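Colleague: 71 is the number of the first residue of the sequence shown in our numbering; add one for each residue after it. Here it is, the structure, as structure tokens.
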Amino acid sequence: MSYTLETITEEYDCLILSKKTMSFRIFADKRNYLIALLYYEFKQLEIDISALFKIKRSVVHYSKSHPYLFLSLNDSIYMDNIEEYLTKYPFVFPVPEDSRSTKVTVKVILDIEIKDFKKLKKMAKARNIKVSELSKFLLKTLLYD
């Protein structure tokens, strides 16, 4: 390891200064990587990280698992956002201990014809659920039958 706790906190300070010039996703990805490093590599407590970064502890709790999840999915946007950190601060993140935080969802956008959407909407209304929930149910039914 060629970096220290102080190096990571200085990197965070630089990140905060440049926050206005980047999208929220880029900022969040970089911040979460640094949070996870502090938690897993330097064994800092969530409450200490939250005080150091002046953020809520709950943000630290959920953010610390993001690097493992996005790296394990090979998320290309995430990889682009933290590319410099992967070189400067390499670390193999462990599987998050909280099993609920390992549940990852992926947004799927698809185009369907209006007539099919109307059928979905009618079917969802009859079941008193959202079209998105019905779509998930139908997809799961097809995948697991």
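We put the CB at the ideal spot given by N, CA and C, even for glycine. Being a predicted model, the structure only gives us computed values, none of them experimental.
In angstroms with no decimal places, state the Cα-to-Cα distance between Ile96 and Ile152.
Modeller: 8 angstroms
Colleague: Using a Cβ-Cβ cutoff of less than 6 angstroms, which residues in the same chain neighbour Leu208 once the five nearest sequence positions on both sides are dropped?
Modeller: none
Colleague: What does the alpha-carbon distance come out to for the pair Leu107 and Asp181?
Modeller: 40 angstroms
Colleague: What alpha helix (DSSP H) runs, 4 residues minimum, are completely inside the segment 74-147?
Modeller: 75-87, 94-106, 116-123, 127-133, 136-142
Colleague: From the DSSP output, in three-state form, read off Thr157 for me.
Modeller: DSSP places Thr157 in helix when its eight states are reduced to three.
Colleague: At the level of alpha carbons, what is the spacing between Thr175 and Thr77?
Modeller: Going from the Cα of Thr175 to the Cα of Thr77 covers about 33 angstroms.
Colleague: So, with DSSP's three-state summary, where would you put Asn198?
Modeller: coil
Colleague: Grab me the residues of Ile31's own chain with a C-beta within less than 6 angstroms of its C-beta, minus the 5 sequence neighbours each way, in chain order.
Modeller: No information on residue 31 is available, as it lies outside the stretch 71 to 215 that the chain covers here.
Colleague: Could you check what DSSP says for Tyr204 in three-state terms: helix, strand or coil?
Modeller: Tyr is not the amino acid found at residue 204; the sequence shown has Leu there. Three-state DSSP puts Leu204 in a helix.
Colleague: Kindly indicate which three-state DSSP category Thr211 falls into: helix, strand or coil?
Modeller: helix
Colleague: Taking Cβ to Cβ, would you say Lys100 is nearer than 8 angstroms to Leu85?
Modeller: yes
Colleague: Tell me the rounded alpha-carbon separation between Lys200 and Met92.
Modeller: 34 angstroms
Colleague: My guess is that Tyr148 and Pro166 are in contact by the Cβ rule of under 8 angstroms, so how many angstroms apart are they, rounded?
Modeller: Wrong, their Cβ atoms sit about 15 angstroms apart, outside the cutoff.
Colleague: Could you give the C-beta distance for Ser133 and Asn102, rounded to a whole number, given that I count them as a contact under 8 angstroms?
Modeller: 4 angstroms
Colleague: Roughly how many angstroms separate the alpha carbons of Tyr82 and Ser146, rounded to a whole number?
Modeller: C-alpha separation (whole angstroms): 22 angstroms.
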